[in-house]
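K.L.:
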């Protein structure tokens, strides 16, 4: 886990907001309920909620994915994102042990 990349990923308000929303997808994306949350939240739902262009959201999600905070799953033409809770556990331990 590259510390600098992790903290860079967390240094943007919108990326933090995306992570907060993905922590409780059922509450934050009720319109996706009929499709379920097993794969995560559709990138289109994230884009609408953030009010940003798809390219901006995709870039933010790529940064978060490179840092290990989110995982993506492709289903047909849609891409879904969910949090990687293991990365948050590791980050918590890193902060406790090192900082």
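Residue numbers (this note's numbering): 16 to 114.
For each residue, glycine too, the CB sits at the ideal point set by N, CA and C.
Predicted, not measured: the structure shown is a model, and the values here were computed from it.
I need the straight-line Cα distance from residue 93 to residue 70, nearest angstrom please.
P.N.:
Here residue 93 corresponds to residue number 78 of the chain shown, with the count starting at 1. Here residue 70 corresponds to residue number 55 of the chain shown, with the count starting at 1. Cα-Cα distance, rounded: 15 Å.
K.L.:
How many whole angstroms separate the CB atoms of residue 60 and residue 46, which I take to be in contact at a CB cut-off of 8 Å?
P.N.:
Here residue 60 refers to the residue found at position 45 of the chain shown. Here residue 46 refers to the residue found at position 31 of the chain shown. About 7 Å; that satisfies the 8 Å criterion.
K.L.:
Please give the ranges of any alpha helix (DSSP H) in the stretch 43-107, keeping only runs that are unbroken, at least 4 residues long and fully inside the region.
P.N.:
If we require 4 residues or more, the alpha helix (DSSP H) runs fully inside the stretch 43-107 come out as 58-65 and 69-81.
K.L.:
Assuming contact is defined by CB atoms lying nearer than 8 Å, are residue 63 and residue 96 in contact in what I supplied?
P.N.:
Residue numbering aside, residue 63 sits at position 48 when the chain shown is read from its first letter. Residue numbering aside, residue 96 sits at position 81 when the chain shown is read from its first letter. Contact: no.
K.L.:
Let me confirm a value: residue 104 is counted as buried when at least 16 other C-beta atoms fall within 10 Å, else exposed. Which label applies?
P.N.:
Residue 104 sits at position 89 when you count from the first residue of the chain shown. The residue in question, residue 104, is exposed, as its Cβ has fewer than 16 Cβ neighbours within 10 Å.
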